[in-house]
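Mind the numbering: the sequence shown is residues 66 to 338 in the numbering used here, read in order. Backbone N, C-alpha and C fix where the C-beta goes; we use that ideal spot for every residue, glycine too. One structure below.
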Amino acid sequence: MSYNLLKGKRGIIFGALDENSIAWKTAEKVHEEGGTFVLTNAPIAMRMGSIKNLAEKTGSEIIPADATKVEDLENLVEKAMEILGGKIDFVLHSIGMSVNVRKGNHYTDMNYDFTTKGWDVSAVSFHKTMQVLYKKDAMNEWGSIVALSYMAAQRVFPDYNDMADNKAYLESIARSFGYFFGKDKKVRVNTISQSPTPTTAGQGVKGFDGFIAFAEKMSPLGNATAQECAEYTLTLFSDLTKKVTLQNLYHDGGFSNTGVSQEVMEAFTKDEE
Ligand SMILES: NC(=O)c1ccc[n+]([C@@H]2O[C@H](COP(=O)([O-])OP(=O)(O)OC[C@H]3O[C@@H](n4cnc5c(N)ncnc54)[C@H](O)[C@@H]3O)[C@@H](O)[C@H]2O)c1
């Protein structure tokens, strides 16, 4: 069902790699709701993924940009405004990557060059994106900027490795930059803390199958899917959430506030029955 919530709004969507990507589902949903946008991803992801299919499906153009390179971001923002015919109303930052995770380096045995690369891609890229938008005065008033996070920013999930630190950094940038974007430009900035989701980035985390199953049993409403994340994101891009800013918003079926669930208890009391 479409409510036309984003009719007339223009945006930039980072991070659609394949049809499992949260950004991919969001782009489809934004299109359904009448929004227009430019798609972007790292040049290497263009070759690996199938973003062209998404562009065709949604009538969007693709502008490659490495989100760690300010000059790429400047080019992206300028071209996006040209293509879309005006300033930007919504931005989705759906980017994450840890080289330590990829290479299987344990948290207690990090390679710090990898660590640096990881926080640049996963957290500082969000600052860079917002700084470019801010300096170019590229956002319309009451625009909305969203990045995706995970609860490992608050609680320990041992296999999440340095991505936990990257997410804490990302959420802090959302608050710090969100203050200035709010004060100076009336733009809101939030992060969505999403359930574990079977995507390329998600499945890269060691023990992913275990913790997605655990989270499913812990959450009163079950895990939130990528599609549901897209739907939630849409509300944050719409005019119905104008005063929501500087927040880290849990979209996790209730996991973050659940101490224990019946299902998890049963898994530990079987022997006694
Ligand atoms: N999958 C999960 O379990 C989960 C849970 C909570 C939050 N998240 C977050 O959601 C976001 C989207 O991830 P996803 O799960 O859809 O996986 P995904 O692998 O589909 O998306 C990650 C994207 O980051 C892009 N990227 C990596 N380096 C980049 C760079 N230098 N410049 C530009 N783009 C770059 C990749 O090309 C890819 O499109 C990430 O921030 C991720 O941490 C994922």
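Separation of ASP249 and LYS193 (C-alpha to C-alpha, rounded to the nearest whole angstrom) is 17 Å. DSSP places ARG240 inside the alpha helix (DSSP H), whose first and last residues are 228-250.
When secondary structure is reduced to three states using DSSP, MET66 falls in the coil class, being assigned neither helix nor strand.
Taking LYS90 as the centre and dropping the five residues before and after it, the same chain places the C-beta of ALA291, GLN292 and ALA295 closer than 6 Å to its C-beta, in chain order.
7 Å or more divides the Cβ of GLY208 from the Cβ of THR310. The beta carbon of ASN288 sits closer than 8 Å to the beta carbons of SER260, PRO261, THR262, ILE277, ALA280, GLU281, ASP317, GLY318 and PHE320 from its chain, once the five residues preceding and following it are set aside; these are given in chain order. Across the set LYS335, GLY267, ILE128 and GLU147, the C-alpha of GLY267 shows the shortest separation from the C-alpha of LEU213. Under the three-state reduction of DSSP output, GLU98 falls in the coil class, being neither helix nor strand. Cβ-Cβ distances below 6 Å link LEU286 to GLY318 and GLY319 in the same chain, with the five nearest sequence neighbours on each side left out; the list follows chain order. Within the segment 166-218, the beta strand (DSSP E) runs of at least 3 residues that lie entirely inside it are, in chain order, 204-214. In this structure the segment 113-125 does not lie against the segment 66-75, because fewer than three pairs of beta carbons, one per stretch, are closer than 8 Å.
ALA218 has its Cβ no nearer than 6 Å to any heavy atom of ligand 1. Nearest to PHE222 by alpha-carbon distance, out of VAL254, GLU236, TYR172 and GLN196, is TYR172. Annotated three-state conformation of ASP317 is coil, per DSSP. Placement of the Cβ of GLY80 at a distance of less than 6 Å from at least one heavy atom of ligand 1 is found. Taking 7 Å as the cut-off, the beta carbon of GLU98 is found closer than this to the beta carbon of LEU70.
In this structure, ASP317 has its CB at a distance of at least 6 Å from all heavy atoms of ligand 1. Contact between ALA239 and ASN255 holds: their C-beta atoms lie close to 6 Å from each other, under 8 Å. Residue side-chain check: MET195 keeps its Cβ at 6 Å or more from all non-hydrogen atoms of ligand 1. The three-state reading of DSSP puts GLU84 in coil, since its state is none of H, G, I, E or B. When Cβ pairs closer than 8 Å are counted between the two stretches, the segment 199-208 is seen to touch the segment 145-156, the count reaching three or more. Put simply, the backbone Cα of SER67 is about 20 Å away from that of VAL103.
The continuous stretches of beta strand (DSSP E) do not include GLY267, which lies in the alpha helix (DSSP H) extending over residues 265-268. Remark: the C-beta of SER86 is in contact range of ligand 1, defined as less than 6 Å to any heavy atom.
For LYS144, the closest of LYS182, LEU157, THR133 and ILE127 by C-alpha to C-alpha distance is ILE127. Taking all protein chains in view, the Cβ of VAL325 is surrounded by fewer than 16 other Cβ atoms within 10 Å, so the residue is classified as exposed. Per DSSP, ARG220 is not a residue of any alpha helix (DSSP H), being assigned neither H nor E.
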